[in-house]
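Below is one structure, written out as structure tokens; comments come after it.
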Amino acid sequence: MEDEQSFSDICGGRLALQRRCYSPSCLEFCLSCPRITLRSLTAVTCTVWLAAYGLFTLCENSMILSAAIFITLLGLLGYLHFVKIDHETLLIIDSLGIQMTSSYASGKESTTFIEMGEVKDVVINEAIYMQKVIYYLCILLKDPVEPHGISQVVPLFQ
Amino acid sequence: MVLKAFFPTCCASADSGLLVGRWVPEQSSAVVLAVVHFPFIPIQVKELLAQVQQASQVGVTVLGTWCHRRQEPEESLGHFLEGLGAIFSHKPWFQLCRERGSKSWSCKATHWQGPTSHAASGEDQVMLIFYDQRKVLLSQLHPPAVLPDRQAGDTTASAGGLAAVFDTVARSEALFQSDRFDEGPVRLSHWQSEGVEASILVELAKWAAGPVCLLLACLLSLVSAASACRVFKLWPLSFIWSKLSTCEQLRHRLEQLTLIFSTRKAKNPAQLMRKANMLVSVLLDVALGLMLLSWLHRKDLIGQLADALIPVADHVAEELQHLLQWLMGAPAGLKMNRALDQVLGRFFLYHIHLWISYIHLMSPFIERILWHVGLSACLGLTVALSILSDIIALLTFHIYCFYVYGARLYCLKIHGLSSLWRLFRGKKWNVLRQRVDSCSYDLDQLFIGTLLFTILVFLLPTTALYYLVFTLLRLLVVTVQGLIHLLVDLINSLPLYSLGLRLCRPYRLAAGVKFRVLEHETGRPLRLLMQINPLPYSRVVHTYRLPTCGCHPKHSWGSLCRKLFFGELIYPWRQRGDKQD
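Heads up: the protein sequence lines correspond to chains A and B, in order.
All residue numbers for the first sequence refer to full-length UniProt numbering, where the first residue is 1 and numbers rise by one.
All residue numbers for the second sequence refer to full-length UniProt numbering, where the first residue is 1 and numbers rise by one.
Okay, here's the thing in structure tokens:
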């Protein structure tokens with residue numbers, strides 16, 4: 001069964017949370033992030049090209065313009081492939097583990113799987129970001145050497 | 001708790017039979033390794049399993065039944081299957097069933113209470129996890145944080161559930177040796193049942209590797225014995241050998257080759273990867289060196305280089321002379337002490353004159369030497385680069401000498417100044433207590449001390465300027481040498497075989513697994529597909545990088561600045577095993 005709710009993130013963008021239950025032992029949460037807007041893309045491209053044109057009028061070298069186009073293309077590709085997350089999925093399987101998948105805007109998927117034996121606890125942590133306090137969910141992992149210690153704090157949903 | 005059944009994808013289309021595998025009670029999971037088909041004799045199945053258990057130390061047992069039919073199983077078959085449960089007793093007994101041509105699976109796990117009551121009691125929920133047997137067999141798990149004191153041996157019992165699965169499949173190779181063309185008593189179905197995979201080239205290479213390794217190992221031991229003989233340990237030679245980076249590089253390569261061609265087999269996968277990485281690195285090095293050699297010979301660059309070398313050395317010496325003339329005048333508007341200036345300047349000019357005569361003396365032999373040096377490129381590009389670095393060091397030896405003179409003078413001056421400054425204030429350095437104490441001096445001591453202090457202070461700018469100029473030149477040369485060494489280190493330490501493996505066979509190096517939920521119908525068991533999550537490139541490089549000579553500067557920026565200020569000599573290249581200054 002599916003369940004969809006909408007929220008907003010700390011910058012005001014719209015987020016959509018989808019909850020799916022495959023079976024009593026398997027749950028999936030899917031969080032979709034706000035998409036890249038045409039307005040921001042045009043703004044960035046215009047600034048870069050205007051700056052390049054300004055440099056061109058100073059230096060009279062046409063390589064600057066082609067370099068600017070190249071840089072814009074590469075920058076956009078890099079941003080879509082490495083930075084912009086399209087949606088994130090959290091799959092919880094009973095007695096097996098927790099799997100977090102991030103899919104980027106270019107289609108790349110990066111997955112991390114944490115076995116149930118390594119999970120110590122799931123907590124809500126507070127952090128101070130700029131002028132406000134934000135809450136984020138994270139998983140505490142067990143330390144293999146010290147049974148009561150914590151080796152890593154893994155935040156979910158970047 | 002939910003029971004997990006790991007089922008190989010290759011057996012999903014096999015005929016009905018018995019499920020054979022390993023049961024891991026700590027994680028309540030069953031790893032199915034193969035399917036035994038009808039008809040079979042139970043005694044022979046048990047014998048086969050005992051053999052496999054002995055060969056691989058994996059507790060292989062019969063786990064349940066597998067049914068692949070057109071429609072729902074008939075009653076008689078149902079009783080037959082349950083009867084099998086009585087012959088091969090195993091808790092819990094799995095009954096997997098699939099309708100031919102459809103995607104619906106059904107799965108039951110039952111616990112038998114005992115022979116007295118045959119009623120199945122306590123059916124548990126089962127989760128089916130499909131895995132690709134060949135990939136899991138060949139892959140190697142890299143856990144995220146490996147502690148240095150943990151051995152490789154104790155990963156089986158205390159490992160997480162998935163490491164146990166990988167381990168089980170990897171160690172059960174004995175079970176996968178028989179295929180369906182064998183005439184044995186028991187018919188098995190697994191990933192190799194269509195025929196054992198092998199390649200003629202690989203088999204030939206394995207067969208030929210033995211004698212070849214033996215021969216090469218003998219040759220290499222001869223070479224290393226020759227290089228370790230007593231003649232080379234005498235003082236001047238051993239000093240020169242330790243300073244030249246070429247010798248260090250050659251020694252490193254010799255060690256690597258000895259390791260590759262040693263006749264001992266690799267004990268664990270990490271050592272095997274290291275050997276493979278070294279071999280690929282050596283081969284690439286030699287290939288690049290041969291390319292360089294052919295390029296040099298095609299354009300006859302060696303002759304041109306030899307012709308251009310003497311004028312370049314002359315030009316450098318001339319530039320240095322101009323620099324010294326400038327320093328002897330009024331450099332940058334500063335007023336120098338005339339006498340000291342002239343002395344230092346003439347001393348350095350004479351040194352340059354000696355150097356130029358030496359270069360001119362060597363000029364007829366330059367081309368021959370360069371030709372032989374170029375030939376050494378066929379030993380590898382790294383050797384050629386090391387020789388280049390050594391040639392630069394030799395050609396700029398006079399800059400090094402000037403730097404040492406300037407630094408020693410400046411250091412003496414600074415020490416004298418600091419001691420006399422203490423006298424000026426009425427203090428003294430106490431060697432016993434390692435601290436500054438007050439001291440009452442006599443009048444004549446104070447008088448001479450103050451006089452000397454004033455002299456040294458006024459001579460300071462001259463010495464400091466010479467020191468600054470020569471230190472900058474020396475740092476320039478050191479930077480160029482450093483870049484060359486960096487390149488050599490890069491070629492030496494990059495694990496190319498591992499990177500190639502990650503590119504072409506990403507399932508071999510696994511950082512973990514990932515799961516995908518397959519089509520799900522209510523009432524049917526949950527089905528997941530387990531795929532291998534390959535290691536990211538940065539971790540591949542970090543895990544498998546080869547150890548290099550380790551000639552990195554050992555001091556931080558702060559201590560470097562401190563040494564420069566006090567005039568202590570900087571030795572950027574500390575070879576392995578040298579004492580720190």
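Just so it is clear, CB atoms sit at the ideal spot from N, CA and C, and this is done for glycine as well.
Quick one, which of the options has its alpha-carbon nearest residue i's?
| i | options | result |
| --- | --- | --- |
| B/Ile359 | B/Gln342, B/Ile310, B/Ala377 and B/Ser139 | B/Ile310 |
| B/Arg274 | B/Ala55, B/Leu259 and B/Ser56 | B/Leu259 |
| B/Arg425 | B/Arg435, B/Gly416 and B/Ser440 | B/Ser440 |
| B/Cys67 | B/Asp15, B/Trp93, B/Val45 and B/Lys46 | B/Asp15 |
| B/Leu499 | B/Gln133, B/Asn277, B/Leu49 and B/Arg134 | B/Asn277 |
| B/Leu215 | B/Thr263, B/Leu292, B/Phe7 and B/Gln57 | B/Thr263 |
| B/Gln133 | B/Trp23, B/Thr9, B/Glu47 and B/Ala174 | B/Thr9 |
| B/Ile87 | B/Val62, B/Thr479, B/Val312 and B/Leu96 | B/Val62 |
| B/Leu468 | B/Leu432, B/Val480, B/Val436 and B/Tyr405 | B/Tyr405 |
| B/Asp341 | B/Met328, B/Ile352 and B/His351 | B/Met328 |
| B/Ala332 | B/Pro536, B/Phe347 and B/Tyr466 | B/Tyr466 |
| B/Leu376 | B/Leu535, B/Cys97 and B/Leu288 | The sequence as given places Ser at residue 376 of chain B; Leu does not occur at that position. Of B/Leu535, B/Cys97 and B/Leu288, the residue nearest in Cα terms is B/Leu288. |
| A/Leu74 | A/Cys30, A/Ser32 and A/Val48 | A/Val48 |
| B/Phe515 | A/Gly13, A/Tyr135 and A/Leu90 | A/Leu90 |
| A/Tyr22 | B/Leu564, B/Lys563 and B/Arg527 | B/Arg527 |
| A/Thr112 | B/Ser294, B/Lys563 and B/Ala511 | B/Ala511 |
| B/Ile570 | B/Thr479, B/Gly64, B/Glu26 and B/Gln271 | B/Thr479 |
| A/Ser103 | A/Cys33, A/Ser95, A/Cys26 and A/Tyr136 | A/Cys33 |
| B/Tyr226 | B/Arg251, B/Glu521, B/Pro211 and B/Trp207 | Checking the sequence shown, residue 226 of chain B turns out to be Ala, not Tyr. The shortest C-alpha separation from B/Ala226 is found at B/Arg251. |
| B/Ser363 | B/Leu409, B/Gln321, B/Ala313 and B/Phe348 | B/Ala313 |
| B/His485 | B/Glu319, B/Thr463 and B/Leu244 | B/Leu244 |
| B/Ile392 | B/Leu459, B/Ala209, B/Leu483 and B/Leu324 | B/Leu483 |
Roughly how far, in whole angstroms, is the beta-carbon of residue i from the beta-carbon of residue j, given that I think they are within contact range, below 8 Å?
| i | j | result |
| --- | --- | --- |
| B/Val282 | B/Gln256 | 6 Å |
| B/Ser139 | B/Tyr507 | 5 Å |
| B/Val517 | B/Ile532 | About 17 Å separates the two Cβ atoms, so there is no contact after all. |
| A/Glu88 | A/Thr101 | 7 Å |
| B/Val126 | B/Pro525 | 5 Å |
| B/Leu496 | B/Leu292 | Rounded, the Cβ-Cβ distance is 18 Å, inconsistent with contact. |
| B/Leu84 | B/Trp105 | With 8 Å as the limit, B/Leu84 and B/Trp105 do not qualify as a contact, their Cβ atoms being about 20 Å apart. |
| A/His81 | A/Ser110 | Contact doesn't hold; Cβ gap of about 11 Å is too wide. |
| A/Leu141 | A/Ile124 | Not a contact, Cβ separation roughly 16 Å. |
Can you name, in chain order, every residue of its own chain whose Cβ lies under 8 Å from the Cβ of residue i, other than the five neighbours on each side?
| i | result |
| --- | --- |
| A/Ile64 | Ala52, Leu55 and Phe56 |
| B/Glu173 | Ser56 and Leu137 |
| B/Ser224 | Leu254 and Thr258 |
| A/Glu4 | Ala16, Leu17, Gln18 and Arg19 |
| B/Arg422 | Lys428, Trp429 and Val436 |
| B/Leu452 | Gly416 and Leu420 |
| B/Ile302 | Leu296, Glu367, Leu370, Trp371 and Gly374 |
Residues in its own chain within less than 7 Å of residue i by CB, not counting five upstream and five downstream?
| i | result |
| --- | --- |
| B/Thr246 | Val383, Ser386, Ile387 and Asp390 |
| B/Ala152 | Caution applies to B/Ala152, whose pLDDT of 39 falls short of 50 and renders its modelled position unreliable; the value that the coordinates give is listed next. Answer for B/Ala152: Asn268, listed in chain order. |
| B/Phe566 | Cys411 and Ile414 |
| B/Lys563 | Ile570 |
With a threshold of 6 Å on Cβ separation, who are the neighbours of residue i within its own chain once the five nearest residues in sequence on each side are excluded?
| i | result |
| --- | --- |
| B/Phe40 | Val186 |
| B/Val31 | Phe6, Gly21, Arg22, Val165 and Thr168 |
| B/Thr548 | Asp489, Asn492 and Ser493 |
| B/Ala109 | Leu3, Pro92, Phe94, Asp124 and Val126 |
| B/Leu96 | Trp66 and Cys107 |
| B/Leu529 | Phe130, Arg516 and Leu518 |
| A/Ala127 | Ile134 |
Fully enclosed by the segment 14-40 of chain B, which beta strand (DSSP E) runs are 3 residues long or longer?
17-24 and 29-37
Against chain B: residues of the segment 113-131 of chain A by CB proximity under 9 Å
Phe113, Ile114, Glu115, Met116, Gly117 and Glu118
At 4 residues or longer, and completely inside the segment 321-401 of chain B: list those alpha helix (DSSP H) runs for me, N to C.
338-362, 366-375 and 381-395
Against chain A: residues of the segment 450-469 of chain B by CB proximity under 9 Å:
none
Proximal residues, the segment 3-18 of chain B versus chain A, C-beta separation under 8 Å:
Lys4
Give me the subset of the segment 87-100 of chain A whose CB atoms are less than 9 Å from a CB atom of chain B, sorted by chain position.
Leu91, Ile93, Asp94, Ser95, Leu96, Gly97 and Gln99
Could you tell me which whole beta strand (DSSP E) segments of length 3 or greater appear in the segment 252-304 of chain B?
none
Could you name each continuous beta strand (DSSP E) segment of 3 residues or more that falls completely within the segment 418-499 of chain B, going from the start of the chain to the end?
427-430 and 435-438
Chain A contacts made by the segment 22-33 of chain B, where a contact means CB separation under 8 Å:
Gln27 and Ser28
Note down, in chain order, all residues in the segment 5-30 of chain A with a beta-carbon under 8 Å from any beta-carbon belonging to chain B.
Tyr22, Ser23, Pro24, Ser25, Cys26 and Glu28
Closer than 8 Å, Cβ to Cβ, to anything on chain A: give me those residues from the segment 504-519 of chain B, in chain order.
Gly512, Val513, Lys514, Phe515 and Val517
For the segment 336-368 of chain B, which residues have a CB atom closer than 8 Å to at least one CB atom of chain A, in sequence order?
none
Closer than 8 Å, Cβ to any Cβ of chain A: which residues of the segment 57-70 of chain B, in chain order?
none
With a floor of 3 residues, list each beta strand (DSSP E) that falls wholly inside the segment 48-118 of chain A, ordered by position along the chain.
85-93, 97-104 and 109-115
Residues in the segment 526-541 of chain B with C-beta within 8 Å of chain A's C-beta atoms, listed in sequence order?
Leu526, Leu528 and Asn533
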